[in-house]
Structure formats: C-alpha cells, structure tokens
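Asker:
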Amino acid sequence: MRTTTLTASALLFAGTALVATIAATPANARPEPAPGPTAVLQTTGPCLLERVGTQFVRCDDLTGAGAPAPSHIPEQS
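With mature numbering (1 follows the signal peptide of the UniProt record, and there is no 0) as the guide, the letters of the sequence shown map in order to residues -29 to -1, 1 to 48.
1) Using only CA atoms, which one of S(-21), G37, L19, D32 lies nearest to T25?
2) Per DSSP, what kind of secondary structure is T25 in: helix, strand or coil?
3) Classify L(-19) as helix, strand or coil using the three-state DSSP reduction.
4) Taking the C-alpha atoms as reference points, what is the distance between L19 and C30?
5) Give the DSSP bridge partners of T34, in chain order.
6) Rounded to a whole number of angstroms, what is the C-alpha to C-alpha distance between T(-9) and L(-18)?
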C-alpha cells in the first residue's frame, strides 16, 4: 500500500511539473498580414478645411476624429 501511495504521488508531481513546464513556454511574435487595399477618395480639386457646426469637414467628409472645430475655421455653406 505504501508503494502505491508513493507511485501515485510521484505521478501527480510529474504531471503537475509537466503542465507547469508546458504553460510557461515563451510567446512567439509574428507579423500581422498587411491590410487589404483601401478606397482612395478621388477629388477634382483641392478641398479646403471647413466646419459644419463644431465638426471639421474636408470634401464633404467628416475629419478631425471628433475634435471640436474652432470658430475661426470657415463654416461650410
């Protein structure tokens, strides 16, 4: 009976050590794939930076990431 307890304890210890060793492996870094093609806005001429209310606008596209536009920027007509 004593050998069975020692054998079971040794197997439990070995299993725990194996799980801890596998879990502690270093991480591998790999580059992410390049993003696919993006749409490019085609314009016929230069677009001025304007505002609609407090939002920046250029060529009818909101820009400025939500930052409030100051009042000295001309308002779009």
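Ideal placement from N, C-alpha and C gives every residue a C-beta, glycine not left out.
These numbers come from a predicted model, not from an experiment.
Answerer: From the atom records:
1) Translated into the one-based positions of the sequence shown, residue 25 becomes position 54. Considering only alpha carbons, the answer is G37.
2) The residue you call residue 25 lines up with position 54 of the sequence shown. The answer is coil: DSSP assigns T25 none of H, G, I, E or B.
3) In the sequence shown, counting from the first residue as 1, residue -19 sits at position 11. If DSSP states are grouped into helix, strand and coil, L(-19) belongs with the helices.
4) Taking the first residue of the sequence shown as 1, we reach residue 19 at position 48. Taking the first residue of the sequence shown as 1, we reach residue 30 at position 59. Roughly 7 Å separates the two Cα atoms.
5) By one-based count along the sequence shown, residue 34 stands at place 63. The partner list for T34 (beta bridge, DSSP) reads F27.
6) Counted from its first residue, the sequence shown places residue -9 at position 21. Counted from its first residue, the sequence shown places residue -18 at position 12. Near 14 Å, if we compare the C-alpha coordinates of L(-18) and T(-9).
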